[in-house]
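Report on the structure given below.
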Amino acid sequence: MLDALAHALAPNAPIARGRGEAAIAEDERRLNALLGEGRATERVRLWTNSRCLVTTRRFACMESFAEAAAASGARGWPVFVRASGGTTVVHRPGILNFSVHDVGPTDAIDITSRFERFTRRLIAGFAAVGVAAETGSVAGSYCDGRFNIVSGGQKIAGTACLVRKRGGWLGVLAHAAISIDGDPHADLAAITEFERALGLDIPYVPASHTTLAAQIRMAR
Amino acid sequence: MTDITVPAGLWNDGDEAAISAWLYADGDAVSEGAIIAEIMVEKSSFELTAPASGILHIDIAAETPVTAGEIVGRIG
Chain G
1 MLDALAHALA PNAPIARGRG EAAIAEDERR LNALLGEGRA TERVRLWTNS RCLVTTRRFA
61 CMESFAEAAA ASGARGWPVF VRASGGTTVV HRPGILNFSV HDVGPTDAID ITSRFERFTR
121 RLIAGFAAVG VAAETGSVAG SYCDGRFNIV SGGQKIAGTA CLVRKRGGWL GVLAHAAISI
181 DGDPHADLAA ITEFERALGL DIPYVPASHT TLAAQIRMAR
Chain E
1001 MTDITVPAGL WNDGDEAAIS AWLYADGDAV SEGAIIAEIM VEKSSFELTA PASGILHIDI
1061 AAETPVTAGE IVGRIG
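The listed protein sequences derive, respectively, from chains G and E.
Here the working numbering is used: the first sequence runs in plain steps of one and ends on residue 220.
Here the working numbering is used: the second sequence runs in plain steps of one and ends on residue 1076.
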């Protein structure tokens, strides 16, 4: 299932099996490398990660971050920090990460249209494996936003962007975390516990999330 | 003093933007080109880099809405 969706998204890209922080940092390393080339280009990366929570620099600046991250790690959910937007998300082997690195001259990149193009590509990928999807917010989902990928009213993938400028060049990292299989309730519980330790109490709703496996089962 | 300005033209005028985090504290020494803050627009993170080397003076606190062209701090 993961392989089928990966093939639909990027037929020639291998799926890298990453581990923790290094796998997350690889996205930024690639963006910096492309910015260093100083030419318009686009590259894709398909990858999975070991089980962890991935949060934002905003949350990492909070006073109780170190303590909350250590406690989450002790529960089996180490916490790492990413540079793209949103809030805390889950990585694990049942979640496929799809990253598109896009570099162009500063005045030639429109972030919203790049984001929309990215979500259209995701929706086409889901269609290719028989799952109807659209973009939209889902109340109660973690890392909610209007560019979620939604199937049957439930969030099946989250998206976020990082925009980095260097000289006259703009690099855009568009990233999607796609729930292939596994237990979204356990994901949500891990996020909730970590964010409560940060002093946040966001009212998540477990039924707001689904997986590709669940959607395919329902379609049969 | 060198102004730190919110970049223009990177997102739609009507979109809500806010400084989500300063990555250095007020009074810290920063180097030109270092990523010193991020601005969040929806779920896109736009990085602000130091326009000069020197001491960072933060004028606009994190979690505060900002607009393109606004001066959010200075380096001196």
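Just so it is clear, CB atoms sit at the ideal spot from N, CA and C, and this is done for glycine as well.
As the structure is a prediction and not an experimental result, all values here were calculated from the model.
Residue environment, A1008 (chain E), which counts as buried when at least 16 other CB atoms sit within 10 Å: Taking the first residue of the second sequence as 1, we reach residue 1008 (chain E) at position 8. Label assigned to A1008 (chain E): exposed.
DSSP three-state label for I202 (chain G), please. By 1-based counting over the first sequence, the position of residue 202 (chain G) is 202. Reduced to three states, the DSSP call for I202 (chain G) is coil.
On the DSSP letters alone, give me the boundaries of the beta strand (DSSP E) that T192 (chain G) sits inside. As a first step, residue 192 (chain G) is located in the first sequence; it is residue number 192 there, counting from the start. Premise fails: T192 (chain G) lies in the alpha helix (DSSP H), 184 to 197, not in any beta strand (DSSP E).
In three-state DSSP terms, what is I216 (chain G)? Here the question's residue 216 (chain G) lines up with position 216 in the first sequence. Three-state DSSP puts I216 (chain G) in a helix.
L53 (chain G) in three-state terms, based on DSSP: Position 53 of the first sequence holds residue 53 (chain G). Here L53 (chain G) sits in strand by DSSP.
Please tell me whether L162 (chain G) has its Cβ less than 8 Å away from any Cβ of chain E. Here residue 162 (chain G) refers to the residue found at position 162 when the first sequence is read from its first residue. Chain E contact via Cβ: present.
Looking at chain G, is there any beta carbon in it that lies within less than 8 Å of the beta carbon of A1021 (chain E)? The residue given as residue 1021 (chain E) occupies position 21 in the second sequence. It does: the Cβ of A1021 (chain E) has a partner Cβ on chain G nearer than 8 Å.
Per DSSP, D1059 (chain E) forms a beta bridge with which residues? On the second sequence, residue 1059 (chain E) is found 59 positions in, with the first residue counted as 1. Looking at the DSSP assignment, D1059 (chain E) forms no beta bridge with any residue, so it has no partner.
Does the segment 1022 to 1042 of chain E come into contact with the segment 29 to 41 of chain G, if we say contact requires no fewer than three beta-carbon pairs (one atom in each stretch) closer than 8 Å? no
Among the candidates G:E67, G:V81, G:F98, G:A60, whose CA atom is the shortest distance from the CA of G20 (chain G)? Residue mapping note: residue 20 (chain G) aligns to position 20 of the first sequence, counting from 1. Of the candidates G:E67, G:V81, G:F98, G:A60, the one whose C-alpha sits nearest the C-alpha of G20 (chain G) is G:V81.
When the Cα of I1058 (chain E) is compared with those of E:A1017, E:A1018, E:L1010, E:W1022, which residue comes out closest? Translated into positions along the second sequence, residue 1058 (chain E) becomes position 58. Answer by Cα proximity: E:W1022.
So which residues on chain E does G86 (chain G) lean against when the C-beta distance must stay under 7 Å? Position 86 of the first sequence, counted from the start, is the residue given in the question as residue 86 (chain G). Simply K1043.
For E1038 (chain E), return the contacting residues in chain G, with the cut-off set at a CB-CB distance below 7 Å. Stepping through the second sequence from its first residue, residue 1038 (chain E) is reached at position 38. Simply R57.
Under 8 Å Cβ-Cβ, which residues of chain E neighbour F147 (chain G)? Counted from its first residue, the first sequence places residue 147 (chain G) at position 147. Ordered by position in chain E, the residues that pass the 8 Å Cβ test against F147 (chain G) are E1042, K1043.
Quick one: is I111 (chain G) near chain E, going by C-beta distance under 8 Å? Walking along the first sequence from the start, residue 111 (chain G) turns up at place 111. Yes, because at least one Cβ of chain E sits closer than 8 Å to the Cβ of I111 (chain G).
Use the C-beta contact count for P14 (chain G): other C-beta atoms within 10 angstroms, 16 or more gives buried, fewer gives exposed. As a position in the first sequence, residue 14 (chain G) is number 14, starting the count at 1. P14 (chain G) comes out exposed.
Hey, does L1056 (chain E) have any beta-carbon neighbour from chain G nearer than 8 Å? For the purposes of this step, residue 1056 (chain E) is taken as residue 56 along the second sequence, with counting starting at 1. For L1056 (chain E), the answer is no, since every Cβ of chain G falls outside 8 Å of its Cβ.
Go to G1073 (chain E), then tell me how far its beta strand (DSSP E) extends in each direction, as first and last residue. For this step, residue 1073 (chain E) is matched to residue 73 along the second sequence. Here the beta strand (DSSP E) through G1073 (chain E) covers 1071 to 1075.
Mind checking the segment 73 to 103 of chain G against chain E and listing, in chain order, the residues whose C-beta falls within less than 8 Å of any C-beta there? A83, S84, G85, G86
Could you list which residues in chain E have their beta carbon closer than 9 Å to that of T119 (chain G), in chain order? The residue given as residue 119 (chain G) occupies position 119 in the first sequence. The contacting residues do not exist; T119 (chain G) stays about 12 Å from chain E at best.
In chain G, which residues lie with their C-beta within 9 Å of the C-beta of E1047 (chain E)? The residue you call residue 1047 (chain E) lines up with position 47 of the second sequence. The contacting residues are A83, L162, V163, R164, K165.
Neighbour flag for T159 (chain G) against chain E, beta carbons, 8 Å: The residue given as residue 159 (chain G) occupies position 159 in the first sequence. Yes, T159 (chain G) counts as interfacial toward chain E.
Taking one C-beta from the segment 70 to 79 of chain G and one from the segment 1035 to 1049 of chain E each time, how about it: are there three or more such pairs within less than 8 Å? no
When you compare only the Cα positions, how much space is there between M1001 (chain E) and P1051 (chain E)? The residue labelled residue 1001 (chain E) in the question sits at position 1 within the second sequence. The residue labelled residue 1051 (chain E) in the question sits at position 51 within the second sequence. Straight-line Cα distance between these residues: approximately 10 Å.
Assuming F65 (chain G) and L198 (chain G) form a contact by the criterion Cβ under 8 Å, report the distance between their Cβ atoms to the nearest whole angstrom. Taking the first sequence and counting its residues from 1, the one referred to as residue 65 (chain G) is at position 65. Taking the first sequence and counting its residues from 1, the one referred to as residue 198 (chain G) is at position 198. Contact flag correct, Cβ pair sits at about 7 Å.
Taking just the CA atoms, how far does A1018 (chain E) sit from A23 (chain G)? Indexing the first sequence from 1 puts residue 23 (chain G) at position 23. Indexing the second sequence from 1 puts residue 1018 (chain E) at position 18. One C-alpha to the other measures close to 28 Å.
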